[in-house]
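S.K.: Under my numbering, the residue at position 77 of the sequence shown is numbered 70, and the numbers go up by one with no gaps.
C-beta: ideal position from N, C-alpha, C; glycine also.
For clarity, every value in this text was computed on a predicted model and none was experimentally measured.
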Amino acid sequence: MKLRIKGNIVRLRLTRSEVATVGEGGRVQEITLFGPQSQFCYALEAVDTPQVEAQYCNNTLTVRVPRAMAHDWATSELVGLSAEQKIAENVSLQLIIEKDFACLNPRGEEDVDTFEHPQAGQALC
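1. In terms of alpha-carbon separation, which member of T14, V84, T53, G16 lies closest to L(-4)?
2. Out of V40, M62, V84, which one is the CA nearest neighbour of S75?
3. Name the DSSP bridge partner or partners of P59?
4. Report the option in T14, C34, G19 whose CA atom is closest to the CA atom of T25.
5. Taking V12 as part of the alpha helix (DSSP H), name the residues at either end of that continuous run.
6. Taking the Cβ atom as the reference point for each residue, do Q87 and E46 lie within a distance shorter than 8 Å?
7. Look at the alpha carbon of E70 and the alpha carbon of V12, and state the distance between them as a whole number of angstroms.
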């Protein structure tokens, strides 16, 4: 799973096996170590919740998706899910969850277990 953050936009990109795990009602996570006593964790889980939501607590960013929505996403051609979480008056957090496609220009490890890019094999100008 890859994480991209820009301002109040959080984007997660998941490999095939990660999408399958979440689609089956599971949880996937990654941990980044900054030192022996310092780490950052981010996770995506399918739970009984009415909407996509995020929480940051104890150095962990957790994005939660309704189980039915996760299942429908994982078993369809739908590329991504998105939602806005209101934080305060005129402030919201945009959450984007996507299937990770292989790069058109292969990048080795970056493309392991990814979805086939829709434009793979096409001549591009």
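M.R.: Judging by the given coordinates:
1. Of the candidates T14, V84, T53, G16, the one whose C-alpha sits nearest the C-alpha of L(-4) is T53.
2. Measuring C-alpha to C-alpha distances from S75 to each of V40, M62, V84 identifies M62 as the nearest.
3. Paired residues: V40.
4. Comparing Cα-Cα distances from T25 to each of T14, C34, G19, the minimum goes to C34.
5. 9 to 16 is the span of the alpha helix (DSSP H), which, as asked, contains V12.
6. Q87 places its beta carbon 8 Å or farther from that of E46.
7. C-alpha separation (whole angstroms): 12 Å.
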